[in-house]
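The numbering of the sequence shown is my numbering, which starts it at 2 and goes up by one.
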Amino acid sequence: AGGFALPEIIERQIARLSVDISPIRQIATVRTVGSPDYKELFDINGAGFEWLGETDTRNQTNTPDLAEVAPTFGMASAKPQASEESLDDLFFDVENWLVSSAAEAIAQGEGLAFITGDGTKKPTGFLAGPTPVTTADSARAFGTLQYIASGQAAALPTSADIFYDLVYSLRARYRNNAQWVTSKLVLAALRKYKDTTGQYLWQPALTAGQPATFLGYGITEAEDMPAIAANSFPLAFGDFKEGYLICDKVGMRITRDAITTPGFVTFYVRRRAGGKKLDP
């Protein structure tokens, strides 16, 4: 339709900036795949074993079960437009405007999809799918998250003790790299909790580039997390590298179109991305 490709350097800038903006991309597992028909097999039980003496009979042990994780894909698309007159203005930084506008639009759309996306022409968010249950890992269906109730009808807990229950409901292997994910309003509430000596449980980062912590675990601020309400899940805790998978179809496509709309130049930026819970 008269469009032509923009320089590759702009593509790389947009991809890098969108990653910086999107909070879930920074903490999840991200893979680049060649096809949207991508699946991963996940060992949900593990093999059985037995202790034996030197001459004991070797018995058949349990065989591990596999579950298939198939990310759902959609196209993240941004289409900023500028007039030809503005592009002719020497004081107008077209490249910076294009990079910032497209990256922010894509990152905002992905951020919401990675949390609550329904899987229809978009990634399946980690809060989508089966409703979370109180059942522990050993008896919970694969693909279902566990939740800890706040004890309030539509509010955070009155005591911070329940947050310790939440932390230690995770197995040790997941706690090592676990972190909190929540919105700014919930984060503001978390900052007010104190221990019995009056010390705040939230602690600022000790070095530049490191996240602040709550109960010793880092916090990722994601504006698309649900608000505090009855039957809502406004605060998530876990190892997102193990728990959520993001797949990028190879490459970002960018087209400059100065033909379709006379007097205007459209920059069409798109990337196919998928997502799915990996290890719940």
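Yeah, the Cβ is synthetic: ideal placement off N, Cα and C, and Gly gets one too.
Three or more beta-carbon pairs separated by less than 8 Å link the stretch 164 to 180 to the stretch 235 to 243, which places the two stretches in contact. For Gly120, the closest of Ala106, Val70, Arg141 by C-alpha to C-alpha distance is Val70.
Annotation for Ala108: no beta strand (DSSP E) segment contains it, though the alpha helix (DSSP H) segment containing it runs 95 to 117.
Across the set Leu279, Val270, Ile260, the C-alpha of Ile260 shows the shortest separation from the C-alpha of Glu85. Counting other Cβ atoms within 10 Å of its Cβ, Phe127 reaches 16 or more and is therefore classed as buried.
In this structure, Ala129 and Gly112 do not form a Cβ contact; the two beta carbons are roughly 14 Å apart against a cut-off of 8 Å. With a beta-carbon spacing of about 5 Å, Phe143 and Ile45 fall inside the 8 Å limit used to define contacts.
Here Phe43 really is in contact with Asp280; their C-beta atoms are around 6 Å apart, less than 8 Å. Buried is the label assigned to Arg26, since at least 16 other Cβ atoms lie within 10 Å of its Cβ. Relative to Ser233, the option among Ala161, Gly35, Val134 whose CA is nearest is Val134. For the stretch 10 to 89, the continuous alpha helix (DSSP H) assignments of 4+ residues that do not extend past its boundaries occur at 24 to 28, 85 to 89, in sequence order.
Taking all protein chains shown into account, Val251 has fewer than 16 neighbouring C-beta atoms within 10 Å of its C-beta and is therefore exposed. A direct Cα-to-Cα measurement between Arg273 and Glu105 gives close to 16 Å. Assignment of beta-bridge partners to Arg271 by DSSP yields Ser78, Arg254. Under DSSP, the beta-bridge partners assigned to Ala237 are Val182.
At the C-beta level, Val270 and Leu216 stay beyond 8 Å of one another. When Val100, Ala77, Glu9 are compared, the shortest CA-CA separation from Leu18 is found for Val100.
Around the Cβ of Gly244, a 10 Å sphere holds 16 or more other Cβ atoms; the residue is buried.
DSSP lists no beta-bridge partner residue for Asp138. In the DSSP assignment, Ile220 falls within the unbroken beta strand (DSSP E) covering 218 to 222.
In the DSSP assignment, the residues bridged to Phe215 are Trp203, Tyr218. Shown here for Ala190: same chain residues with a beta carbon closer than 8 Å to its own, the five before and five after excluded, namely Leu157, Ile229 in chain order.
Nearest C-alpha to Thr145 among Ser151, Thr132, Ser78: Thr132. As computed with DSSP, Gly276 is found in a beta bridge with Thr73, Ile247. DSSP places Phe265 in the strand class (E or B) of the three-state scheme.
Excluding five sequence positions before and after Phe50, the CB atoms of its chain that fall closer than 7 Å to its own CB belong to Thr62, given in chain order. Between Ile22 and Met253, the gap from beta carbon to beta carbon reaches 8 Å or more.
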